[in-house]
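Worksheet for the structure shown next.
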Amino acid sequence: MQKADVHVVSVLGLGYVGAVTAACLAHKGFNVIGVDVNSSKVDMFGSGRSPIIEAGIDELVAEGHRAGRLRATTDTSAAVTESNVSFVCVGTPSLANGKQDLGHLKQVCSEIGLVLAHKSSYHVVILRSTVIPGTTLSVVIPTLEKFSGKRAGVDFGVCFNPEFTREGCAVADFFNPPYTILGAEDYESVVVARQLYGWASAHVFETSLAVAEAAKYASNAFHAVKVTFANEVGTLFRELGVDIDAVMRIFVSDKSLNISSAYLSPGFAFGGSCLPKDLRALTHQARELNLQLPLLDGVLPSNNEHVNRAVDLILDTNKKNVCLLGLSFKAGTDDLRESPHVQLTKRLLGEGLRIRIWDPHVSLGRLVGSNRHFIEDTIPHIGMLLNPDLRSALETAEVVVIATKSVTATELSTYLRPEQIVLDLVHFKKPQKMDVTTQCEDMYAEQAAPSGM
Ligand SMILES: NC(=O)c1ccc[n+]([C@@H]2O[C@H](COP(=O)([O-])OP(=O)(O)OC[C@H]3O[C@@H](n4cnc5c(N)ncnc54)[C@H](O)[C@@H]3O)[C@@H](O)[C@H]2O)c1
8 MQKADVHVVS VLGLGYVGAV TAACLAHKGF NVIGVDVNSS KVDMFGSGRS
58 PIIEAGIDEL VAEGHRAGRL RATTDTSAAV TESNVSFVCV GTPSLANGKQ
108 DLGHLKQVCS EIGLVLAHKS SYHVVILRST VIPGTTLSVV IPTLEKFSGK
158 RAGVDFGVCF NPEFTREGCA VADFFNPPYT ILGAEDYESV VVARQLYGWA
208 SAHVFETSLA VAEAAKYASN AFHAVKVTFA NEVGTLFREL GVDIDAVMRI
258 FVSDKSLNIS SAYLSPGFAF GGSCLPKDLR ALTHQARELN LQLPLLDGVL
308 PSNNEHVNRA VDLILDTNKK NVCLLGLSFK AGTDDLRESP HVQLTKRLLG
358 EGLRIRIWDP HVSLGRLVGS NRHFIEDTIP HIGMLLNPDL RSALETAEVV
408 VIATKSVTAT ELSTYLRPEQ IVLDLVHFKK PQKMDVTTQC EDMYAEQAAP
458 SGM
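For the sequence shown, the working numbering begins at 8 and goes up steadily by one.
See below:
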């Protein structure tokens with residue numbers, strides 16, 4: 008048998024995810040064996056009845072049963088032996104302290120491992136259970152390897168394939184996914200898993216195990232934040248007598264800043280003259296109305312924590328001379344009001360560090376009005392720290408903190424020296440030379456977040 012041929016699929020765990028996965032794959036023409044430790048679920052599935060209530064699933068289970076493509080058993084060993092792909096869909100519930108309970112997952116992986124030990128044909132284990140990033144590498148693969156005595160990526164494959172179905176419309180979601188994510192550390196596992204989704208029109212992301220695991224959590228966390236955000240602003244505005252439905256109709260129609268990828272790239276903290284001020288006004292208003300809005304209340308503290316992390320990162324270098332690239336709250340402006348960079352500078356000065364600041368858009372002589380007052384009140388000797396010349400600003404620095412995208416890769420590769428520690432707060436795209444010659448630590452991910460308005 009070719010490594011990449013999928014003939015029979017076993018689905019371990021016939022709960023909400025497993026039952027939908029099994030029934031939908033059978034509908035797409037795969038031979039599917041459902042497995043569960045619960046014999047009632049197996050009896051129902053095996054006789055063509057769905058063990059869960061979900062729109063459209065009864066018809067699919069009955070159809071699969073009639074066509075002989077859908078079977079069920081409590082015998083994991085027989086199902087894994089007979090199939091060449093196993094979906095793991097067991098529960099990963101919360102323990103009392105919130106930690107994920109991996110008991111079912113470890114158990115099912117040990118059972119699969121024992122079968123793989125004696126299986127001569129290539130088998131791919133595809134995880135659908137939601138797990139904390141790193142779990143597949145640190146728990147699933149070691150368990151499979153321990154009980155099989157074989158090596159993942161060589162003797163058998165492992166893939167993480169999160170699913171994005173919502174209960175209530177899971178069947179429709181399965182057939183129309185936003186995307187398909189196939190996470191793996193070896194190519195062959197992806198080749199096998201890909202065959203199962205040939206029918207899906209949405210984009211297939213082929214990525215690492217950890218990215219696939221994390222993408223599921225990012226989505227769920229974001230969905231939860233969206234619901235809570237809508238409920239909190241709805242609560243406040245309703246209390247103020249505002250038509251919240253009209254507000255949200257307008258709000259969601261903005262596909263450029265509101266419902267878009269804007270502000271969703273991890274980077275440095277936000278600041279500026281609007282976002283902090285307006286959040287303070289909203290949460291103050293809520294307090295006056297005796298409303299608890301923990302999400303909105305938590306935003307500014309969370310933003311401050313981001314500055315704290317940057318301070319710790321710099322202090323951890325144990326160096327005294329720091330050059331900060333960027334002072335205004337956003338590249339391309341000289342607005343210093345509530346800039347987190349100013350906050351960062353003040354904290355570092357308080358720790359006794361010597362700071363040089365380069366920002367091509369900030370010149371003390373040109374600052375006027377509230378902007379000038381703000382910086383003079385916050386750091387009175389700011390003029391002594393600013394240096395308009397990048398070369399000389401960097402000259403004495405042991406640590407260079409990139410906190411703006413106003414600097415160019417060419418400038419940096421020209422002036423940076425190999426012994427300088429570079430801390431990148433905005434995920435600046437590093438020039439080749441910097442990667443090789445400096446200790447460059449990325450504090451956050453892909454791009455800098457737009458820092459407020
Ligand atoms: N419910 C959802 O809509 C949804 C969506 C996306 C992801 N997930 C994730 O998918 C996973 C499964 O969720 P669910 O809601 O289907 O869980 P569930 O509790 O409804 O189903 C899990 C099933 O696994 C069975 N099981 C446990 N140990 C087993 C073993 N050793 N062998 C065979 N079967 C075993 C249980 O009897 C149960 O029927 C979880 O990690 C969950 O977070 C769920």
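The beta-carbon is built from N, C-alpha and C at its ideal position, and this holds for glycine as well. Computed from a predicted structure; not experimentally measured.
- Got a sec, what are the start and stop residues for the beta strand (DSSP E) Ala79 sits in? For the purposes of this step, residue 79 is taken as the residue at position 72 of the sequence shown. Where Ala79 is concerned, the enclosing beta strand (DSSP E) stretches over 77-80.
- Count the other CB atoms within 10 Å of the CB of Gln427; is the residue buried (16 or more) or exposed (fewer)? Along the sequence shown, one-based indexing puts residue 427 at 420. Gln427 is buried by the Cβ-count criterion.
- Query: Can we say the segment 103-110 touches the segment 79-95, given the rule of at least three CB pairs closer than 8 Å?
  - Reply: no
- Message: Looking at the secondary structure, which residues open and close the alpha helix (DSSP H) in which Gly190 lies?
- Response: Position 183 of the sequence shown, counted from the start, is the residue given in the question as residue 190. Looking at the DSSP string, Gly190 is not in any alpha helix (DSSP H); the run it does join, the beta strand (DSSP E), is 187-191.
- Query: Between Leu332 and Trp365, what straight-line distance do the alpha-carbon atoms span, to the nearest angstrom?
  - Reply: The count along the sequence shown starts at 1 and reaches residue 332 at position 325. The count along the sequence shown starts at 1 and reaches residue 365 at position 358. If I take the Cα positions, the gap works out to 5 Å.
- Please state if the CB of Ile40 and the CB of Arg471 are separated by a distance shorter than 8 Å. There is simply no residue 471 to check, as the chain begins at 8 and stops at 460 in what is shown.
- Task: Starting from the Cα of Val24, find the closest Cα among Thr172, Phe167, Asp162, Ala62 and give me that residue.
- Result: As a first step, residue 24 is located in the sequence shown; it is residue number 17 there, counting from the start. Here the closest residue by C-alpha is Thr172.
- Message: Suppose the cutoff is 7 Å on Cβ atoms and the five residues either side in sequence are ignored; what does the same chain contact list for Gln439 look like?
- Response: Position 432 of the sequence shown, counted from the first residue, corresponds to residue 439. With a pLDDT of only 43 at Gln439, under the threshold of 50, the placement of this residue in the model should not be trusted; the figure read from the coordinates follows. Cβ neighbours of Gln439 beyond the five flanking positions: none.
- Message: Taking the straight line between their C-alpha atoms, what separation do you get for Lys48 and Gly98?
- Response: One-based indexing of the sequence shown puts residue 48 at position 41. One-based indexing of the sequence shown puts residue 98 at position 91. One C-alpha to the other measures close to 15 Å.
- Message: Assuming Ile382 is part of the beta strand (DSSP E), what are its boundary residues?
- Response: Here residue 382 corresponds to residue number 375 of the sequence shown, with the count starting at 1. That residue, Ile382, is in no beta strand (DSSP E); its alpha helix (DSSP H) goes 376-385.
- Message: Measuring CB atoms only, is the segment 288-295 touching the segment 323-339, in the sense that at least three cross pairs come out at less than 8 Å?
- Response: no
- Could you check the C-alpha separation between Phe182 and Ile60 for me, to the nearest Å? By one-based count along the sequence shown, residue 182 stands at place 175. By one-based count along the sequence shown, residue 60 stands at place 53. Going by the C-alpha atoms only, they are around 17 Å apart.
- Query: Do the segment 310-325 and the segment 248-265 meet, that is, are 3 or more Cβ pairs less than 8 Å apart?
  - Reply: no
- Within the segment 86-154, ranges of the beta strand (DSSP E) (whole runs, at least 3 residues): 92-95, 131-134
- Which class does Phe336 belong to by DSSP, given the choice of helix, strand or coil? In the sequence shown, residue 336 corresponds to position 329, counting from 1. Three-state DSSP puts Phe336 in coil, outside helix and strand.
- Query: Buried or exposed: which applies to Leu247, given that a residue is buried once 16 or more other Cβ atoms fall within 10 Å of its Cβ?
  - Reply: Sequence index remark: in the sequence shown, residue 247 carries index 240 (1-based). With fewer than 16 Cβ atoms within 10 Å of its Cβ, Leu247 is classed as exposed.
- Best match in Val199, Gly71, Tyr224, Glu170 for proximity to Gly141 [C-alpha to C-alpha]: Here residue 141 corresponds to residue number 134 of the sequence shown, with the count starting at 1. Nearest option by C-alpha distance: Tyr224.
- So Val349 and Ile409 are in contact, right, with Cβ under 8 Å, and what is the actual spacing, rounded? Translated into positions along the sequence shown, residue 349 becomes position 342. Translated into positions along the sequence shown, residue 409 becomes position 402. Between Ile409 and Val349 the Cβ distance is about 17 Å, and since that is not below 8 Å, they are no contact.
- Message: Considering Cα atoms alone, identify which of Pro273, Leu243, Arg76, Leu371 is closest to Leu286.
- Response: For the purposes of this step, residue 286 is taken as the residue at position 279 of the sequence shown. Closest option to Leu286, Cα to Cα, is Leu243.
- Item | DSSP-derived helix/strand/coil call for Glu195 | Counting from 1 along the sequence shown, the entry for residue 195 is found at position 188. If DSSP states are grouped into helix, strand and coil, Glu195 belongs with the helices.
- For Ala159, I'd like the list of residues in its chain whose CB is within less than 8 Å of its CB, leaving aside the five on either flank, ordered along the chain. Numbered from its first residue, the sequence shown carries residue 159 at position 152. For Ala159, where only same-chain residues beyond five positions count, the Cβ hits under 8 Å are Ile148, Leu151, Glu152, Val165, Glu192, Asp193.
- Item | Three-state secondary structure assigned by DSSP to Ser280 | To locate residue 280, count along the sequence shown from 1; it is residue 273. Reduced to three states, the DSSP call for Ser280 is coil.
- Item | Residue from Phe154, Leu392, Gly75 whose Cα sits closest to the Cα of Thr352 | To locate residue 352, count along the sequence shown from 1; it is residue 345. Comparing Cα positions, the closest option is Leu392.
- Assuming Val87 contacts Ser17 under a Cβ cut-off of 8 Å, what Cβ separation, rounded to an integer in Å, is found between them? Taking the sequence shown and counting its residues from 1, the one referred to as residue 87 is at position 80. Taking the sequence shown and counting its residues from 1, the one referred to as residue 17 is at position 10. Val87 to Ser17, Cβ: 6 Å. Contact.
- Check whether the Cβ of Cys96 sits closer than 7 Å to any heavy atom of ligand 1, and report yes or no. As a working note, residue 96 is residue 89 in the sequence shown. Yes, the beta carbon of Cys96 sits closer than 7 Å to at least one heavy atom of ligand 1.
- Count the other C-beta atoms from every protein chain shown that fall within 10 angstroms of the C-beta of Ser46, then say buried if there are 16 or more, exposed otherwise. As a first step, residue 46 is located in the sequence shown; it is residue number 39 there, counting from the start. Result: exposed.
- Query: What did DSSP end up calling Gly390 once you bin it into helix, strand or coil?
  - Reply: Within the sequence shown, the letter at position 383 stands for residue 390. Note: Gly390 maps to helix in three-state DSSP.
- Task: Label Asp261 either buried or exposed according to how many other C-beta atoms from any shown protein chain fall within 10 Å of its C-beta, with 16 as the threshold for buried.
- Result: In the sequence shown, residue 261 corresponds to position 254, counting from 1. It counts as exposed.
- Message: Tell me the rounded alpha-carbon separation between Asp396 and Ile321.
- Response: Numbered from 1 along the sequence shown, position 389 holds the residue referred to as residue 396. Numbered from 1 along the sequence shown, position 314 holds the residue referred to as residue 321. Approximately 22 Å between the Cα atoms of the pair.
- Message: Cutting at 7 Å between CB atoms, please list the residues of its own chain near Lys126, excluding the five before and the five after it.
- Response: For the purposes of this step, residue 126 is identified with residue 119 of the sequence shown, where counting begins at 1. Cβ neighbours of Lys126 beyond the five flanking positions: Thr88.
- Among Phe154, Val15, His111, which one has its Cα closest to the Cα of Ala124? In the sequence shown, residue 124 corresponds to position 117, counting from 1. Closest option to Ala124, Cα to Cα, is Phe154.
- Using the DSSP secondary-structure output, state which residues sit across from Asn38 in a beta bridge. Position 31 of the sequence shown, counted from the first residue, corresponds to residue 38. Val15.
- Compute every distance between the C-beta of Glu89 and the non-hydrogen atoms of ligand 1, then say whether any falls below 7 Å. Working through the sequence shown from its first residue, we reach residue 89 at position 82. False, no ligand heavy atom lies under 7 Å from that Cβ.
- Less than 8 Å separating the beta-carbons of Ala200 and Ile133? The count along the sequence shown starts at 1 and reaches residue 200 at position 193. The count along the sequence shown starts at 1 and reaches residue 133 at position 126. A contact, by the Cβ cut-off of 8 Å.
- Looking only at C-alpha atoms, which of Leu401, Asp304, Arg245, Leu374 sits nearest to Ser335? Residue 335 sits at position 328 when you count from the first residue of the sequence shown. Per the Cα distances, Leu374.
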